[in-house]
Amino acid sequence: MKLATFTHDGTTRIGVVDGDDMVDLSVAAPDLPREMLAFLEAGSDAMLTAREAVGGGTRLPLAEVHLEAPIARPPKFLAVGLNYADHVAESGLDTPEHPTIFNKQATCVTGPTDPVHVPKASHVLDYEGELGVVIGRRGRHVSRDDAIDYIAGYVVVDDVTVRDWQFRTPTWTMGKSFDTHGPIGPWIVTTDELRDPHQLALRTFVNGELRQESNTKELIFDCFKLVEHFSTAFTLEPGDIIATGTPGGVGILHKPPQILEAGDVVRIEIEGIGEIENPIINEPEDTAR
Ligand code: ZN
Numbered sequence: 432m433k434l435a436t437f438t439h440d441g442t443t444r445i446g447v448v449d450g451d452d453m454v455d456l457s458v459a460a461p462d463l464p465r466e467m468l469a470f471l472e473a474g475s476d477a478m479l480t481a482r483e484a485v486g487g488g489t490r491l492p493l494a495e496v497h498l499e500a501p502i503a504r505p506p507k508f509l510a511v512g513l514n515y516a517d518h519v520a521e522s523g524l525d526t527p528e529h530p531t532i533f534n535k536q537a538t539c540v541t542g543p544t545d546p547v548h549v550p551k552a553s554h555v556l557d558y559e560g561e562l563g564v565v566i567g568r569r570g571r572h573v574s575r576d577d578a579i580d581y582i583a584g585y586v587v588v589d590d591v592t593v594r595d596w597q598f599r600t601p602t603w604t605m606g607k608s609f610d611t612h613g614p615i616g617p618w619i620v621t622t623d624e625l626r627d628p629h630q631l632a633l634r635t636f637v638n639g640e641l642r643q644e645s646n647t648k649e650l651i652f653d654c655f656k657l658v659e660h661f662s663t664a665f666t667l668e669p670g671d672i673i674a675t676g677t678p679g680g681v682g683i684l685h686k687p688p689q690i691l692e693a694g695d696v697v698r699i700e701i702e703g704i705g706e707i708e709n710p711i712i713n714e715p716e717d718t719a720r
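Start counting the sequence shown at 432; every next residue gets the next number (the working numbering).
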């Protein structure tokens with residue numbers, strides 16, 4: 432099942448994508464929560480109700496809705512650095528013994544087609560195409576073997592990075608967390624539809640030019656191992672997102688470096704999930720709040 436958050440006629444709600452249609456769950460299953468975090472927290476009963484509603488619900492053409500980030504404000508937005516061998520090699524580093532973990536701030540999340548800002552503070556902007564794991568159930572000390580039961584599904588993530596801010600301090604939080612630098616989507620593909628997340632082709636294009644091409648079978652620490660690792664230290668909660676790391680081909684390590692500029696379009700495709708496509712724009716004047 433493909434679970435989406437969408438806006439149509441000025442209201443945002445959740446739905447199930449079926450072919451070229453969006454089944455509006457606010458109509459097809461009106462008792463379900465209308466917001467994804469509450470839906471995921473409602474657990475397997477809500478998932479079952481949504482699945483049963485797909486046959487009979489009101490349908491909207493996908494082309495007529497605006498897809499939002501499936502989860503607008505994840506409780507945690509966790510990420511893994513250096514998790515593909517070719518990216519470790521291009522970075523000139525040794526294969527890590529332990530996963531390299533950092534956080535993106537949840538406020539950086541944006542939708543699968545929404546603009547990404549070149550910030551006022553820096554122009555050294557880069558993409559990172561990644562598979563994202565969405566947690567579906569609260570868990571601590573989850574074993575690798577049981578991890579699948581704690582995963583709701585998978586999304587495409589662009590771990591957008593401000594490279595000079597990433598590397599000017601030992602920790603990466605600032606360079607990874609600028610507003611709009613966390614596009615996710617286009618929807619959550621649930622684990623019943625996508626059973627094996629470890630054999631998916633991943634491609635990143637900039638203005639149609641292929642920049643990253645890999646497969647999730649190349650992950651050093653796989654999705655299930657990451658759930659085990661994180662939950663050793665802290666509780667995972669419904670709606671948490673784990674960006675699993677990017678393969679080789681990031682812009683900064685091209686020769687010469689290929690930095691994103693306003694006017695560029697970044698498209699990331701993952702087999703079995705879909706694609707996100709975000710235009711790059713200069714940070715607007717009115718972002719102070
Ligand atoms: Zn990354």
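All C-beta atoms, glycine included, are put in the ideal place defined by N, C-alpha and C. Being a predicted model, the structure only gives us computed values, none of them experimental.
Counting C-beta pairs with one atom in each stretch, the stretch 627 to 646 and the stretch 609 to 619 have fewer than three that are closer than 8 Å, which means they do not touch. In this structure, VAL454 lies near ALA484, with their beta-carbon atoms less than 8 Å apart. GLY560 sits close to GLN643, with the two beta carbons spaced by under 8 Å. Here HIS439 carries a strand assignment [DSSP, helix/strand/coil]. Beyond the five residues adjoining it in sequence on each side, SER522 comes within less than 6 Å, by CB distance, of no other residue in the same chain.
With at least 16 other beta carbons inside 10 angstroms of its own, LYS607 counts as buried. Per the coordinates, the alpha-carbon of THR541 lies some 24 Å from the alpha-carbon of GLY450. If you check the C-beta of GLU559 against ligand 1, you find a heavy atom less than 7 Å away. A distance criterion of 7 Å places the beta-carbon of ASP717 beyond contact range of ligand 1, judged by its closest non-hydrogen atom.
Boundaries around PHE508 are those of the beta strand (DSSP E), 508 to 512, since no alpha helix (DSSP H) includes it. VAL681 sits away from ASP577, with the two beta carbons spaced by 8 Å or more. Counting only residues of its own chain and dropping the five nearest sequence neighbours on each side, PRO505 has a CB closer than 7 Å to the CB of ALA537, VAL540, GLY670, ASP671 and ILE672. Between ALA510 and ALA481 the beta-carbon gap is near 28 Å, outside 8 Å, which marks them as no contact. About 7 Å separates the beta carbons of ASP610 and HIS548, which is inside the 8 Å limit, making them a contact pair.
Around ARG490, the same chain offers ASP449, ASP452, MET453, VAL454 and ASP455 as residues with beta carbons nearer than 8 Å, after the five sequence neighbours per side are excluded.
DSSP, reduced to helix, strand and coil, places ILE615 within a strand of the structure shown.
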